[in-house]
Amino acid sequence: MLARQNQSKALQWLGKQLFNREDPAAFFDPLLERVNPMWVQQYTPARVVQTLQETSDTKTFVLKPARRWQGFEAGQHVNICVDIDGTRRNRTFSLSSSPILWQSQGLITLTIKRLPGGLVTNWLHDHLEVGAVLGLGEAFGDFLIPEVATPVLFIAGGSGITPVLSQLETMAAQDYRAPVSLLYYVRTSEDVIAGEKLEALAARYPALTLSIIPTHDGASPRYLSDGDLGTVPGLNGRQIFLCGPKGLMDLAEELLQSRGVRERDIHCTYFSAPRANLEHQALGGQVQFSHSNIEVGSEGDANLLEIAEAAGLTPQYGCRMGICHQCSCRKTSGTVINRLTGQASGPGEENVQLCISVPQGPVSIDV
Amino acid sequence: MKTMTEAQLSELERDLNVIRDAVVADLGERDAQYIRRIVRLHRTLEVGGRVMMPFGFIPPVFVAATAALGISKIIENMEIGHNVMHGQYDWMNDPGLHSQTYEWDTVCTGESWRRTHNYEHHTYTNIIGKDRDYGYALLRLSDDDKWKPQHTLQFINYILLSVFFQWGVGLHELESERIRRGEIRLRDKLPFLKDFFRKGGRQAFKDYLFFPLITFPVAPVVLAGNLGANLIRNLWSSTVIFCGHFTQDAETFTEAECEGESKGHWYLRQLTGSSNFTGGKWVHLLSGHLSYQIEHHVFPDLPAHRYPEISEQVQAVCRKHGIPYNTGSFARQYGTVLKRIFAFSLPDRLRARVPALTMGQAT
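Quick note, the sequences are listed as chains A and B, same order. At the far end of the first sequence sits residue 367, using this note's numbering, and the numbering has no gaps. At the far end of the second sequence sits residue 1363, using this note's numbering, and the numbering has no gaps.
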């Protein structure tokens, strides 16, 4: 959920009495937004102060969040929300700047790559300009640098470098005194994100060993190999951080395990992958009802309401034909197909009508 | 009700779905801007009304403040609250405009209204015995209810219902008529009553206690203005809603004829059970576009400001299938509502003797 300003109990009570809402300040949002979008109370606003083209398909957005934003630790992600053609879209991105930048200048950066067919990433690239304001959530995630300096290996692929950028910068600033290695896989040398920044870091931070490996520069692809791991001294004593496409992460985990690296020394973070060609994929999937802690599998075109009821749950419902919206619930992840329109939902957090939503792959619902 | 074969009903369903699909495909920025503009208008009117009210000891200011607050409540209840809670703007994914979380500025809680209105009324529209909105279990508006002597005075009941409309709507889920008949016990309704008193208390506290008290020296003026604003809202919303289903030609249905009905049949029932009235842009805005009650009942979750745009297409579908499209000026439609309330207050024999009081339907 997006961050809200904490209101005192008395204000909350008064808000309920006068405006039928917990947060009385949000009542004035529609007016405040017109005067200054940074005064909005319903979510934490952040203004775009600069955009930087990193590669042909990757941009860094420098944001200035309202001062009440709570800050973050290196390696964490953040939800942002933007209105695209009238619809509010939430997406998660890693913060690519160091917390020091936020503490000293009140700025954060998001480094975002265009996903093929991606609604939000492409919109951000094409429409999010300096001066625009978006909604920012509080930071979350436990992809964090070890508290006590121990040797570290980062294995990053493509835009999976973004949380690592924040971590390396933080380590350099803290003078983290243990060997740090980065194996950074990119398609071609043109696809290196923040290449200059990485080189500069390596130059001023001697503990860092940097290897940037293009996978498709040669005649045949050159993926992560056991040999690459062999170049990292003391591999088995390192904390290993993986971030990148699923293929790279799976391969890395397999190779690391075969080298006897313990599971608990491996830390992963996933970022959402686009689901191409929705209509050709089969319906059904694992449905997780998060409030009740029940997970059930579904097949075919059973809708979420039927699935929930078959699992013994009794969500609120009404007409069971998509009219009354009694059964609308929060979907926290996964894709559903609207039975009435045949349209696929986004993968992120949004409200769906249980009685006409058919899961397509794994779905999490707040029921 | 007009009789149609299943094949004709399927065709009707397809024709209406075409209209719906086109609007759904087109939803976007324009609709979001529209509802956000209306929300801003509401906030401006409410803030303006509240700020002006303490200066209401100057008569023209009193009129302006009361009108601003009254109109703000009308817009909030009709064009924002009613429509948002129908899920018309759920696609915007904005928690401030979402059907499951919206709480409106009236006594009825959003939860209760979603059950009684969104579900009961919109699913079982005008089915006598299932749609409790038909006459609000208070008025006899069709032959389906047997005449009793107390119905003679139902015009008074109607006026009281209009004056205290928000409290009537708030108490609708109590199902007092079923408690009277002994079908349910008051105790079953305790959770509902708790919510009712909490929300009703809040509404009364704000308008009749808080705002008068913080402007203490002019408390009577503020109290009178707030009472006036609520009264304006009650009378107007009650009138709009009565014009939507209780006009002379709005049809009623029996449970038997709607058993296991198809979507096409449901559409037919919505078309013939609802009635529109014509008017200027402001009339439509202030009625939450329930002046397009027919379009609303056929497509309750399409943004209401779209109804004027699709009305011509809906009428064309009606013409094609030979289904009446019940519309007329506000005065004409409201006149027939008053006529219906009066006509059914009389015993059937007496009413039959006055040709002017025949209602244009047979069930």
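All residues carry an ideal CB built from backbone N, CA and C; glycine is no exception. Note that the structure is predicted; figures quoted are calculated from it, not measured.
Pull up the distance between the alpha-carbon of residue i and that of residue j, whole angstroms please.
i                 : j                 : result
Pro1355 (chain B) : Ala1343 (chain B) : 11 Å
Tyr184 (chain A)  : Ala200 (chain A)  : 15 Å
Ala139 (chain A)  : Asn79 (chain A)   : 7 Å
Ala1304 (chain B) : Lys1002 (chain B) : 27 Å
Asp250 (chain A)  : Ser292 (chain A)  : 31 Å
Ala311 (chain A)  : Ile294 (chain A)  : 8 Å
Ser56 (chain A)   : Asp191 (chain A)  : 8 Å
Leu1346 (chain B) : Arg1050 (chain B) : 45 Å
Arg187 (chain A)  : Gly342 (chain A)  : 35 Å
Asp228 (chain A)  : Arg259 (chain A)  : 12 Å
Arg1036 (chain B) : Thr150 (chain A)  : 53 Å
Tyr43 (chain A)   : Gly137 (chain A)  : 7 Å
Phe289 (chain A)  : Thr1247 (chain B) : 46 Å
Phe1242 (chain B) : His77 (chain A)   : 53 Å
His1284 (chain B) : Pro1149 (chain B) : 38 Å
Leu278 (chain A)  : Gly285 (chain A)  : Note that Leu278 (chain A) scores a pLDDT of 38, beneath 50, so its modelled location is shaky and nothing firm can be said.
Thr1101 (chain B) : Thr1358 (chain B) : 44 Å
Arg1140 (chain B) : Glu1295 (chain B) : 26 Å
Lys113 (chain A)  : Gln316 (chain A)  : 40 Å
Per DSSP, what kind of secondary structure is residue i in: helix, strand or coil?
i                 : result
Ile1080 (chain B) : helix
Val1367 (chain B) : Beyond the ends of chain B as shown, which are 1001 and 1363, falls residue 1367 (chain B); an answer cannot be given.
Phe27 (chain A)   : helix
Cys81 (chain A)   : strand
Tyr223 (chain A)  : coil
Gln1088 (chain B) : coil
Thr1327 (chain B) : coil
Val49 (chain A)   : strand
Ala302 (chain A)  : coil
Val1240 (chain B) : helix
Ile1019 (chain B) : helix
Cys1108 (chain B) : coil
Glu54 (chain A)   : strand
Ser8 (chain A)    : coil
Thr162 (chain A)  : helix
Arg275 (chain A)  : For Arg275 (chain A), the pLDDT reaches just 32, beneath the cut-off of 50, and the residue's location in the model is therefore unreliable, although a value from the coordinates is still provided. Coil, per DSSP.
Cys268 (chain A)  : strand
Leu1186 (chain B) : helix
Asn1276 (chain B) : coil
Phe1055 (chain B) : helix
Pro65 (chain A)   : strand
Phe19 (chain A)   : helix
Lys59 (chain A)   : strand
Ile365 (chain A)  : strand
Thr1044 (chain B) : helix
Ser1262 (chain B) : coil
Thr1363 (chain B) : Only weak support is given to the placement of Thr1363 (chain B): the predicted model assigns it a pLDDT of 40, under 50, and the question is left unresolved by the model.
At which residues does the beta strand (DSSP E) containing residue i begin and terminate?
i                 : result
Ile155 (chain A)  : Val152 to Gly157
Tyr184 (chain A)  : Val180 to Val186
Gln288 (chain A)  : Gln286 to Phe289
Val211 (chain A)  : Reading the sequence as shown, one finds Ser at residue 211 (chain A) and not Val. Element bounds for Ser211 (chain A): Leu208 to Pro214.
Phe241 (chain A)  : Gln239 to Cys243
Lys1281 (chain B) : It is not in any beta strand (DSSP E) - Lys1281 (chain B) instead sits in the alpha helix (DSSP H) that spans Lys1281 to Leu1286.
Val378 (chain A)  : One cannot answer for residue 378 (chain A) here, as it falls past the ends of chain A, which runs 1 to 367.
Leu110 (chain A)  : Ile108 to Lys113
Ser94 (chain A)   : Thr87 to Ser94
Residue range of the alpha helix (DSSP H) that residue i falls in?
i                 : result
Gly297 (chain A)  : Careful: Gly297 (chain A) lies outside any alpha helix (DSSP H), inside the beta strand (DSSP E) at Ile294 to Gly297.
Lys1194 (chain B) : Leu1190 to Ala1204
Val1317 (chain B) : Tyr1307 to His1321
Gln42 (chain A)   : Note, Gln42 (chain A): premise wrong, no alpha helix (DSSP H); not H, not E.
Val1169 (chain B) : Phe1165 to Leu1171
Phe1211 (chain B) : Phe1211 to Ile1214
Among all the DSSP beta bridges, which residues are the ones paired with residue i?
i                 : result
Ser328 (chain A)  : A:Gln353
Ala344 (chain A)  : A:Ile337
Gln360 (chain A)  : A:Gly284 and A:Thr335
Phe140 (chain A)  : A:His77
Ile1127 (chain B) : B:Phe1253
Let me check you understand the geometry: is the CB of residue i closer than 7 Å to at least one non-hydrogen atom of the ligand SAH?
i                : result
Asp226 (chain A) : As presented, the structure is devoid of all ligands, the ligand SAH included, so that no description of it is given.
(request) Closer than 8 Å, Cβ to Cβ, to anything on chain A: give me those residues from the region 1086–1097 of chain B, in chain order. (result) Of all residues in the region 1086–1097 of chain B, only His1086, Gly1087, Asp1090, Trp1091, Met1092, Asn1093, Asp1094, Pro1095 and Gly1096 come within less than 8 Å of chain A when Cβ atoms are compared, listed by chain position.
- Message: To be precise: take each residue of the region 1101–1121 of chain B, compare its Cβ to all Cβ atoms of chain A, and keep it if any distance is under 8 Å. Which residues remain?
- Response: Look at the region 1101–1121 of chain B: the residues with a C-beta under 8 Å from a C-beta of chain A are Glu1103, Trp1104, Asp1105, Arg1114, Arg1115, Asn1118 and Tyr1119.
Contacting positions in the region 22–34 of chain A - beta carbon closer than 8 Å to chain B: Listed by position along the chain: Ala26, Phe27, Phe28, Asp29, Pro30, Leu31 and Arg34.
- Taking any Cβ of chain A, which residues in the region 1017–1031 of chain B have a Cβ under 8 Å from it, in chain order? Residues of the region 1017–1031 of chain B whose Cβ lies closer than 8 Å to any Cβ of chain A, in chain order: Asp1021, Val1024, Leu1027, Gly1028, Glu1029, Arg1030 and Asp1031.
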